[in-house]
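> Whatever position you read off the sequence shown (first residue = 1), add 82 for my numbering.
In this text, a Cβ means the ideal position worked out from N, Cα and C, and glycines have one as well.
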Amino acid sequence: MNAASPSRRTLLARLRARLFHGYFLLSRPMTLGVRGVVHDKESNSVFLIRHTYVPGWHLPGGGVEIGETMLEALAREVREEGNIELGAPPRLLSVHLNRQASRRDHVAIYLIETFRQAGPKLPDREIAESGFFPLNALPQATTPATLRRIAEAFEGVPPSPYW
């Protein structure tokens, strides 16, 4: 593998993400997403995922589909991305404008503390890796936005209106 490979993969991942968001901009003028801060209180850890198509570690989540509530979307996304079933209604923490995706993309962040995981999530076409990580030992490649959301959830940092 040559030294340019990681940069090339990052560039291709960003291009794919822009194309994906461009499609949604045309098909849905405003996009709404949800992400879950899945917190295991016993181990003081959070669940993170690494996608196959964008770099870094992220909170699980995704887009709210037509006819779907934000809570339905959140339950679907954490089930698909982490084999996690909600055990109680999560708490809405904040809503952010994601200007990096588009001027019309909003993301709602929920805190999930009552859940059951039906076994580890195996890698697939979307999820390369996933797992629970102690709050004081998050992966080095955790994205800046994910780190900000975790700080807002657990360190008393005021939520930013922006992603």
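With respect to the alpha helix (DSSP H) encompassing valine 160, which residues constitute its N-terminal and C-terminal limits?
What you label residue 160 is simply residue 78 of the sequence shown in a count that begins at 1. Where valine 160 is concerned, the enclosing alpha helix (DSSP H) stretches over 152 to 164.
> Which class does glycine 242 belong to by DSSP, given the choice of helix, strand or coil?
The residue given as residue 242 occupies position 160 in the sequence shown. This sequence places serine at residue 242; glycine is not what is there. In this structure, serine 242 counts as coil in the three-state DSSP scheme.
> Going by Cα to Cα distance, which pick from Leu156, Ala170, Gly164 is closest to glycine 144?
Within the sequence shown, numbered from 1, the residue matching residue 144 stands at position 62. When only C-alpha atoms are compared, the closest one is Leu156.
> With distances taken between CB atoms, is the gap from arginine 173 to threonine 113 smaller than 8 Å?
Your numbering for residue 173 matches position 91 in the sequence shown. Your numbering for residue 113 matches position 31 in the sequence shown. No. Outside cutoff.
> Using three-state DSSP, classify proline 226 as helix, strand or coil.
Residue 226 sits at position 144 when you count from the first residue of the sequence shown. Helix, per DSSP.
> Going straight from the alpha carbon of alanine 219 to that of aspartate 122, what length do you get?
Sequence index remark: in the sequence shown, residue 219 carries index 137 (1-based). Sequence index remark: in the sequence shown, residue 122 carries index 40 (1-based). Straight-line Cα distance between these residues: approximately 14 Å.
> To the nearest angstrom, report how far apart leucine 179 and leucine 204 are at their CA atoms.
The sequence position of residue 179 within the sequence shown is 97, counting from 1. The sequence position of residue 204 within the sequence shown is 122, counting from 1. Rounded to the nearest angstrom, the two C-alpha atoms are 31 Å apart.
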